[in-house]
Amino acid sequence: MQRIDEFREAIVQALLNKKDDDGLGIIMEKHARQLVGQLTDDELDDGIDFNTPEEIAEWLLEE
7 MQRIDEFREA
17 IVQALLNKKD
27 DDGLGIIMEK
37 HARQLVGQLT
47 DDELDDGIDF
57 NTPEEIAEWL
67 LEE
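Residue 7 is where the sequence shown starts when you use our numbering, and the numbers rise one by one after that.
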C-alpha cells in the first residue's frame, strides 16, 4: 500500500509542478488531490509499472 501512496503523492507533485507560460502553477493543491483521488488504488497499481507520475498528471489534466 505504501508504494501506491507514494505513487499517488508523486502524481500530486507532478500536477503541482505544471506551470503556465508565465511560470505560474496551473492547479491548486486541493484540486490536484481531488483529481488524483478519482483514481482507485487498483487503477494506480495497474499503471504504476507502465506510467510515470508525469504521464498520469497529463492524462488527468486532459480529462
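Glycine included, C-beta positions come from ideal geometry on N, C-alpha and C.
Check	Outcome
Using three-state DSSP, classify K24 as helix, strand or coil.	coil
Buried or exposed, going by whether 16 or more other CB atoms sit within 10 Å of the CB of R14?	buried
When DSSP labels each residue in this structure, what does G31 get in the three-state scheme?	strand
How far does the alpha helix (DSSP H) with E64 in it reach, from first residue to last?	P59 to E68
Where does the unbroken alpha helix (DSSP H) through D52 begin, and where does it stop?	D47 to G53
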